[in-house]
Amino acid sequence: MMITISTFTQIVFVVIIEIGMLADSTSLPSTLHSGQTLTTNNSLQAGNLFLTVQSDCNLVAYSNGRPNKVANWATNTNDHGKNCVLLLLQNCNLIVLSDTLRIVWSTKKTSKNGPCDLYLREDAFYIVDSKNILVAKQTLP
Ligand SMILES: *[C@@H]1O[C@H](CO)[C@@H](O)[C@H](O)[C@H]1NC(C)=O
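Mapped onto mature numbering (1 follows the signal peptide of the UniProt record, and there is no 0), the consecutive letters of the sequence shown carry residue numbers -23 to -1, 1 to 118.
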């Protein structure tokens, strides 16, 4: 009886570990640190929510499960530049930068306490400075 329970427990653990590995291998990063960029056609992911720098320069949040990938939120900067990237600056300002180094969009929120981190959640992104103070929040309804 002891052996049966032990074997069952081991099987359950193996299944849980494999589900965890599967989730890891299919998830994109959900954070961006100061100095890091998210380049064209790449995404951050939190659950079903993707924050993507589209090739048209629009930064778009969409829920994967929605039909036709209807956008939850966007910067509406489509065609404002080419090969745009999302960049979190040392001062916490989050910018969309074109390949001609033009800032096409930004949160306009800065902190003296950089560097900072952007955390994507399924309903919002948060930018927090090195003292854990919230610098910017954008809901992604
Ligand atoms: C982004 O994806 C589009 C569509 O697949 C493609 O035409 C374009 O070359 C890609 N751009 C980059 C910078 O990867």
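We put the CB at the ideal spot given by N, CA and C, even for glycine.
Residue i classed as buried or exposed, judged by whether at least 16 other C-beta atoms fall within 10 angstroms
i	result
M(-3)	Residue confidence is low: M(-3) scores 46 on pLDDT, short of 50, so the model does not pin down where it sits. Its coordinate-derived value is still stated next. It counts as exposed.
G58	buried
N70	buried
G12	exposed
D100	exposed
V81	buried
Residue i Cβ short of 7 Å to ligand 1 heavy atom set
i	result
A18	The question names Ala, but residue 18 is Asn in the sequence shown. Checking the Cβ of N18 against ligand 1 gives yes.
N109	no
N35	no
N60	yes
Short Cβ contact (8 Å threshold) for residue i with residue j
i	j	result
N60	T17	yes
N28	L97	Position check: residue 28 holds Leu in this sequence, whereas Asn was assumed. Yes. Within cutoff.
N35	N19	no
S88	N109	no
L117	L9	no
L74	V62	yes
Near ligand 3: residue i beta-carbon under 7 Å from a heavy atom
i	result
S32	With respect to ligand 3, the structure offers nothing, as its ligand set consists of ligand 1.
Closer than 8 Å to chain D by CB, residue i
i	result
N25	Here chain D cannot be found, since the structure has a single protein chain.
*Counting only runs that start and end within the region 15 to 71, where is the beta strand (DSSP E) found for 3 or more residues in a row?*
20 to 23, 26 to 30, 36 to 40, 48 to 51, 62 to 65
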